[in-house]
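Colleague: Numbering (the working numbering), first residue to last: 3 to 384.
Just so it is clear, CB atoms sit at the ideal spot from N, CA and C, and this is done for glycine as well.
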């Protein structure tokens with residue numbers, strides 16, 4: 003008999019700032035580098051398939067929210083969905099790609115926004131898979147009896163790094179005023195928002211809860227250089243002394259080493275590595291594709307989904323596309339927050355029925371990591 007407690011997601015919350023921004027006005031909203039349209043922007047939008055997204059700043063660059071305030075709002079919404087309040091929370095695990103401050107951690111900033119009494123905290127900084135890192139911490143805290151009510155949240159405020167003035171004077175802009183593709187593509191792909199889940203040792207008294215069966219995290223960083231990074235030049239991203247802190251922020255900015263960038267050639271190899279991890283889990287019996295009713299797979303672009311489907315269709319491990327659920331087109335790619343934004347939307351849609359299983363997969367291209375979470379929908383205890 004398992005001496006550990008079962009764990010249930012009893013509430014999901016999502017927060018998307020401002021009004022939806024469609025493709026026709028998005029570049030004017032974040033600003034045109036050099037005052038001219040991006041050379042790569044339209045190609046990026048065709049590639050990623052995003053139609054709308056949300057930004058936590060105005061076209062003038064004024065902040066509407068912080069990463070921490072969006073994350074806190076998502077936690078409060080998840081608590082409300084669970085029928086709980088701030089006073090019920092005793093553990094908070096927070097994830098992000100880039101927090102509001104270099105120090106202290108994101109969880110401290112979110113707690114500051116939430117206010118209230120003492121909490122156990124854990125901060126996780128990576129890229130998209132940091133959401134499941136935080137979820138695993140919250141899950142283990144409740145499972146071991148260390149916490150009664152734990153929240154895992156993830157937030158992103160990417161647009162603040164995409165303003166034209168962030169790149170001006172740096173090496174990423176060429177002599178014609180064009181921004182390097184490794185940085186410019188991301189301006190048309192990433193957006194802002196936050197999501198959260200609340201975990202307890204008992205299902206909620208009314209409605210559906212999601213029992214967390216397991217969470218697995220797999221890093222392949224020993225095989226790959228950074229694929230998405232900030233804080234180093236492209237040439238120095240894998241060197242011990244290649245980071246911004248050795249050179250100082252002004253010198254690093256001049257080298258183009260502060261901006262978020264992605265190596266799209268390396269990404270092709272990383273995609274195949276992610277799929278290899280998934281296939282290993284299928285072969286080991288950890289995942290049975292036939293038993294998955296809903297697949298929430300985070301991917302940054304429609305073209306990446308097409309590549310993943312193409313690689314899997316010839317295998318016994320393909321989960322039929324009619325079972326896939328995403329909000330990418332409507333909410334954009336919100337990095338680490340995307341998986342919780344998707345899960346909240348799936349639960350709210352009414353599609354989930356008791357006994358169904360939900361598989362969440364979150365690959366990240368930061369340095370080749372992928373996370374998996376298996377959930378089972380359970381009825382309320384009467």
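Below 8 Å between beta carbons: does that hold for residue 102 and residue 152?
Modeller: For residue 102 and residue 152, no; Cβs fall outside 8 Å.
Colleague: Helix, strand or coil, according to DSSP, for residue 317 in the structure here?
Modeller: Residue state, collapsed to three classes: coil.
Colleague: Considering only their Cβ atoms, is the gap separating residue 200 from residue 116 smaller than 8 Å?
Modeller: No. Outside cutoff.
Colleague: Please state if the CB of residue 332 and the CB of residue 54 are separated by a distance shorter than 8 Å.
Modeller: Contact flag set, yes.
Colleague: Starting from the Cα of residue 262, find the closest Cα among 232, 274 and 56 and give me that residue.
Modeller: Cα-wise, what sits closest to residue 262 is 232.
Colleague: Let's see if you can read the secondary structure: which residues bound the alpha helix (DSSP H) around residue 342?
Modeller: Residue 342 -> alpha helix (DSSP H) spans 340-351.
Colleague: Do residue 15 and residue 197 have their C-beta atoms within less than 8 Å of each other?
Modeller: Taking 8 Å as the Cβ cut-off, residue 15 and residue 197 qualify as a contacting pair.
Colleague: Run the CB neighbour count on residue 355, radius 10 Å, all protein chains shown included, and call it buried at 16 or more, exposed below.
Modeller: Exposed, because fewer than 16 other Cβ atoms sit within 10 Å of the Cβ of residue 355.
Colleague: Any heavy atom of the ligand ZN closer than 7 Å to the Cβ of residue 336?
Modeller: Of ligands this structure carries none, so the ligand ZN is not represented either.
Colleague: Give a yes or no on whether the C-beta atoms belonging to residue 229 and residue 149 are separated by under 8 Å.
Modeller: Result no, Cβ atoms of residue 229 and residue 149 do not sit closer than 8 Å.
Colleague: Under three-state DSSP, which class holds residue 335?
Modeller: Of the three classes helix, strand and coil, the one that applies to residue 335 here is strand, per DSSP.
Colleague: Classify residue 264: buried if its beta carbon has 16 or more other beta carbons within 10 angstroms, exposed otherwise.
Modeller: Result: buried.
Colleague: Please report how far the alpha carbon of residue 18 lies from the alpha carbon of residue 66, in whole angstroms.
Modeller: Distance between the alpha carbons of residue 18 and residue 66: 11 Å.
Colleague: Just verifying my parser: in three-state terms, what is the DSSP assignment at residue 59?
Modeller: Strand at residue 59.
Colleague: Is the beta carbon of residue 96 closer than 8 Å to that of residue 73?
Modeller: Yes, the Cβ-Cβ distance between residue 73 and residue 96 is below 8 Å.
Colleague: With distances taken Cα to Cα, identify the nearest neighbour of residue 286 among 6, 319 and 176.
Modeller: Here the closest residue by C-alpha is 319.
Colleague: On the CB-based measure, 16 or more other CB atoms within 10 Å of its CB, does residue 216 come out buried or exposed?
Modeller: By the 10 Å Cβ count, residue 216 comes out exposed.
Colleague: Any idea if residue 334 is buried or exposed, counting beta-carbon neighbours within 10 angstroms, 16 or more meaning buried?
Modeller: When all chains shown are included, residue 334 counts as buried.
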